[in-house]
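In the UniProt record's numbering, the protein residues as written are 1 to 388.
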C-alpha cells in the first residue's frame, strides 16, 4: 500500500512538473548567439539559462507524447523513452532554485553528461516502439499521420537539446571539442568542401566494401560573394556530415545497383556535387545517375519506417545485444532533413525515374539568420493530434 501510494505521488509530481514547463515556449537561439556565447559567456550564465530551457524542451515533448494513440503509449519501448525523459526532467528540475556555486555547476555539468548517455539510443528505441505498435495490430491512417507528425517534432527537439548540452559540457566542462578551432560543438569556420569530401570518402569506403566498386566524386565550389575565398560558414560539422553521408550512401547504392540492372560494362557515372555560397543561402547540390525514384515512391522517402533495406532485428531478439541499428528503420533521410532544417535550412529531393536523383541541401549563409527551428507545444499541435 505504501509503495503504491509513493508511486502515485511520484507520478502526480512529474505530471505537475511537465505541466509547469510545457506552458512556456522554447527560447530559440541563432548561430551567431551560440558562437558569441561560446566565446564570451561563462559557466554560470549557461547554467542559469539551461536549468530552465532544457526542462521546457523536454516537458514539451513529454506533453505531446501524451497525445499519441493510446495503444502506442502502452508499447514497452515507448514507455522506456517516456521514462528516460521523466527521469531527466526530474534531475534538471532539482536545480531550479539552487545558487550557481562552483560545486552546483559542476554537478549540473555531470548531470547533463549522464542525461546524454541515458538518451543515447532514444531514436532506435522509439523506432522499436513503432515496430511493436505495428505488430500489435493494424495502424489506422490517422494514427500513422499523427505519429509521423510527432516524430518530426520529437527528433527535432532532441537535436536541439543535445546541441545545448554539448555546448555546455564542452565549453564549460572537461569534454574537449573535436578540433582546437571549434567552439564547443560548433565550428565558427566550417569549411564545406572538407566535410563533404570526408563524408564522401567514408561512404565510398563502405560502398566498395559491400559492392567491390563505388562511383567517384566530381566536386565544384562557387563562392558568389567572395570568389577568391574558400566556402565556410558557422555550423555544426557533425550535423553537416550526417546529412552528406546519408545522401552519398543512397546515391552510391542507387548508382551501383542501377548500373548492374542495366548490365552496363561502362565505368560508373560519378556523383556530382556543387557547393554554392551566395549572400543569403549556401546550397549543396548532389546529383547521381542511379536510375531515379518513381513518383509512386517519391512521396514516401521522408516517412519514418519507409525503407528498402531489410527490417532490423527486434530489441527482444535473444541473440541481439547493444543498441539496434538504424538501417532498415527508414530514418536516414527524415533525420537528415531535420538536421538541415534545424538552423532554418532545408533539404529537397527531385528525381527523374529511369535517370537519376538530385538532392538539394539549403543552409543559411548568414549567422544571425541561422536560427533554431523548434517545435512549440501549443493548441495547434494538440488539434492536430485530435484530428481524424
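Note that the Cβ used here is the ideal one computed from N, Cα and C, for glycine as well.
A residue is called buried once 16 or more other Cβ atoms fall within 10 Å of its Cβ, and residue 216, having fewer, is exposed. Considering only 36, 357, 158, 266, the residue with the shortest C-alpha distance to residue 119 is 158. Under the three-state reduction of DSSP output, residue 273 falls in the strand class. Taken through DSSP and simplified to helix, strand or coil, residue 244 comes out as helix. Among the bridge pairs identified by DSSP, residue 360 is matched with 285, 348. An exposed status is given to residue 27, since fewer than 16 other beta-carbon atoms sit within 10 Å of its beta-carbon. With at least 16 other beta carbons inside 10 angstroms of its own, residue 195 counts as buried. Our two residues, residue 356 and residue 270, have alpha carbons roughly 12 Å apart in a direct line. Taking every protein chain shown into account, the CB of residue 246 has 16 or more other CB atoms within 10 angstroms, so this residue is buried.
Scanning its chain for C-beta atoms nearer than 6 Å, with the 5 sequence neighbours on each side dropped, one finds around residue 171 the residues 38, 184, in chain order. Comparing C-alpha distances from residue 161 to each of 65, 253, 96, 59 shows the shortest one belongs to 59.
Residue range 122-135 is occupied by the alpha helix (DSSP H) that includes residue 125. Taking the C-beta atoms as reference points, residue 63 is found nearer than 8 Å to residue 18. Leaving aside the five residues that flank residue 224 on each side, the residues in its chain whose CB is nearer than 7 Å to its CB run, in chain order, 276, 277, 278. Boundaries of the alpha helix (DSSP H) around residue 111: 102-118.
Straight across, the Cα-Cα distance linking residue 212 with residue 187 is about 35 Å. Within the same chain, and ignoring the five residues on either side of residue 86 in sequence, the residues whose Cβ sits closer than 6 Å to its Cβ are 14. In the three-state scheme derived from DSSP, where H, G and I count as helix and E and B as strand, residue 52 is classed as helix. Just measuring C-alpha positions, the residue of 237, 81, 156, 91 sitting nearest residue 50 is 91. Assignment of beta-bridge partners to residue 223 by DSSP yields 277. For residue 353, the CB contacts under 6 Å within the same chain, skipping 5 residues up- and downstream, are 292, 294 in chain order. The beta carbon of residue 93 sits closer than 7 Å to those of 17, 55, all from its chain and outside the five residues before and after it, given in chain order.
The beta carbons of residue 108 and residue 205 sit about 40 Å from each other, so the pair does not count as a contact at 8 Å.
The C-alpha of residue 331 is placed about 32 Å away from the C-alpha of residue 230. Beyond the five residues adjoining it in sequence on each side, residue 98 comes within less than 7 Å, by CB distance, of 104 in the same chain, given in chain order. Here residue 350 is exposed, its C-beta having fewer than 16 other C-beta atoms within 10 Å.
Of the candidates 126, 29, 341, 359, 359 places its Cα closest to the Cα of residue 348.
The beta-carbon separation of residue 75 and residue 36, rounded to 43 Å, does not stay under the 8 Å limit for a contact. Here residue 210 carries a helix assignment [DSSP, helix/strand/coil]. With a cutoff of 8 Å on beta-carbon distance, residue 198 and residue 166 are scored as not near each other.
If you ignore the 5 residues before and after residue 22, its C-beta comes within less than 6 Å of the C-beta of 59, 60, 63, 377, all in its own chain and listed in chain order.
It is roughly 13 Å from the alpha-carbon of residue 382 to the alpha-carbon of residue 69.
The DSSP-derived three-state label of residue 157 is helix. Per DSSP, reduced to three states, the secondary structure at residue 261 is helical.
A Cβ-Cβ separation of about 5 Å places residue 339 in contact with residue 243 under the 8 Å criterion. For residue 339, the uninterrupted alpha helix (DSSP H) run begins and ends at 332-342, by DSSP.
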